[in-house]
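Student: In the numbering used here, the protein residues as written are 494 to 628.
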C-alpha cells in the first residue's frame, strides 16, 4: 500500500460524493484516459468533464462501502464500492428514467502519475443496473 496514492483515491471519491467537480477534475492529469464501462475510451480532462456533466444530469449517485488498494510504488490503485443511485433523466440508449433507485456493486482501476489520476477504468454489471431500473 502507498499512502500518497491511497490518499489521492480517497480524495477523488470524497470530491465525487460531495459533488465538488472542480476538486474532482483537478485530481486528473490533463491527458487522463477514461475507459468507460462497456463503452469507449476517452482521453483528456475536457472529455471527462463532459462525461461527468452528462452523468450528473442523468443520475444522482453516492459511493459507499469503499475499499481502496494501491501498489507499493504508488503507480496503480484499485477501488471496490457500492453505488447508491437514482436515475433522474433518461440516458441515450437506456431504459426510461422516472426516479428509479438502484444499488450496484462496482470497481475501478487507476494509473497514477505525478500525484494525479492518469487513467481510470470503471466496471459494473450493466445488465444488473438495467434489471434494477426496470429495463
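Backbone N, C-alpha and C define an ideal beta-carbon position, used for all residues, glycine too.
Here the structure is a predicted model, which is why all the values come from computation and not from measurement.
Starting from the C-beta of residue 498, find all residues in its chain whose C-beta is less than 6 Å away, skip the five residues before and the five after it, and write them out in chain order.
Tutor: The answer, listed in chain order, is 563, 567, 570, 605.
Student: What span of residues does the alpha helix (DSSP H) with residue 498 cover, start to end?
Tutor: Start and end: 496–511.
Student: Alpha carbon to alpha carbon, how far is residue 594 from residue 522?
Tutor: Answer to the nearest angstrom: the Cα atoms are 32 Å apart.
Student: Only counting runs of 4 or more residues, tell me where the alpha helix (DSSP H) segments fall wholly within the stretch 535–618, in order along the chain.
Tutor: If we require 4 residues or more, the alpha helix (DSSP H) runs fully inside the stretch 535–618 come out as 538–551.
Student: Where do the ends of the beta strand (DSSP E) carrying residue 521 lie?
Tutor: Taken as a continuous stretch (DSSP letters only), the beta strand (DSSP E) holding residue 521 covers 521–528.
Student: Do residue 575 and residue 596 have their C-beta atoms closer together than 9 Å?
Tutor: Contact: yes.
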